[in-house]
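Residue numbers (the numbering used here): -18 to 301.
Here is the structure we will look at, set down as structure tokens.
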Amino acid sequence: MESTDNLEMSVKFLVNNASKKSKDIDKLQLKFCVTEIERNTVNGLSRRILEELAEHVVFRGGYDKTTRRKILYSLIPEGEDFPYHIIPLAVSCATVVPVDPSWQFSVLSWLGGLLEYGVIDAHNRYVHICYQAIFNLASNVNLERGDEIFLLSRVVHIDLYMMIRHCIDTKFMRYVFCQVLLVCKILGYTTARSDVSECRTKALFRLKEKPGFYEKVSQLLRLYRTYRPDLVVGRLSYRYLAHHTPRNMKAALLSLRDRLQEGTEKELVTAGQDIWPDIQRAEKVNPYQRATVIPQPDNNYYTETIEEKTKKVIFLSQYR
């Protein structure tokens, strides 16, 4: 009960102070509220709390980037009831100009984790309407950046110039590579046959020719070739590159997947016992009856009268 009250108080504090400046917010209280949200993530958050945090805090630009990232990784549902309408908000928030590469990476990691662990339906309409926007994040990669031109123009010493330029290039390319890998991972879960078109295939082939993107884009092109082998022609890499889910989310996602699987197994067992009792009884009598190409012996049991059914069972083996 106390934990529930602390969670409600934390959510209320975060929502009410999202529009305030950082200097007007109690830092200790903010840290306590964020920690309380992260602590309750293992058991999942209710639909109402997910909607409030997503709509009023995370995707509205409240607080600093680090705080929003922590809350974003805590947006894990407690069951199957997930508010799918916050996914377009997340994708649109990640594509706002000027684009923040680190925040874009965080949103893609969150969405990729939900898809990887089966928390959300990959073919839900709210997920699928974001397909083109997510695809553009990879197809429109620009390896020429002008944000650091002013900074580098102020550096006079050549050694310092080269050192800063190397740091900027390394950090930028790391974000770009991880972004493309995450985009291909998300598109791999959400792609349907109707999504494979000639223009998208050409865009992926152009990206594949750029240095460092051959193996990352080949993963998605292999899926495209499954649906449209006439469009994807050529040599592709068969090396699989996996992006690891953030550590803050992984424990909560594993716990949620276990809860969902336990509920599904109980439903299947109950439904099978109630709806198909005759089939289960027949499988117990004849466990080797399988619908295969190779002929299998069928053990059919016959009885003379109904009274003798429980006492006397005659087996007859025959081949299909």
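Glycine is no exception: its CB is placed at the ideal position from the N, C-alpha and C atoms.
All of these numbers come straight from a predicted model, not from anything done at the bench.
Distance from the CA atom of S27 to the CA atom of R50, rounded to whole angstroms, is 19 Å. The Cβ atoms of S(-9) and E17 lie closer than 7 Å to each other.
Within the same chain, Cβ atoms closer than 8 Å to the Cβ of F(-6) are found at Q10, L11 and C14, the five residues on either side in sequence being excluded. Under the 10 Å beta carbon count, L201 is surrounded by 16 or more other beta carbons and is classified as buried.
DSSP places K1 outside any alpha helix (DSSP H), giving it a letter other than H or E. For P82, the secondary structure class from DSSP, reduced to helix, strand or coil, is helix. V38 places its beta carbon 7 Å or farther from that of A71. It is roughly 33 Å from the alpha-carbon of Q160 to the alpha-carbon of K4.
The DSSP-derived three-state label of L26 is strand. In the three-state reduction of the DSSP assignment, P58 falls in the strand class, which pools E and B. In the DSSP annotation of this structure, the continuous segment of the alpha helix (DSSP H) that includes Y208 starts and ends at Y195 to Y208.
Cβ-Cβ separation between K46 and S83: approximately 7 Å, consistent with a contact (criterion under 8 Å).
Annotation for L118: V164 place their beta carbon closer than 6 Å to its own, counting only its chain and skipping 5 residues before and after. By the beta-carbon neighbour count (other beta carbons within 10 angstroms, threshold 16), N(-3) is exposed. Setting aside the 5 residues that flank it on each side, A75 is surrounded in the same chain by Q85 and V88, each with a C-beta closer than 6 Å to its C-beta; the list follows chain order.
By the Cβ neighbour-count rule, I167 is buried, with 16 or more other Cβ atoms within 10 Å of its own. Looking at the backbone, the Cα of K189 and that of P69 are separated by about 27 Å.
Residue state for N117 is assigned as helix, using DSSP reduced to three classes. In this structure, Y98 places its C-beta atom within 7 Å of the C-beta atom of R238. D62 and I101 have their C-alpha atoms spaced approximately 9 Å apart.
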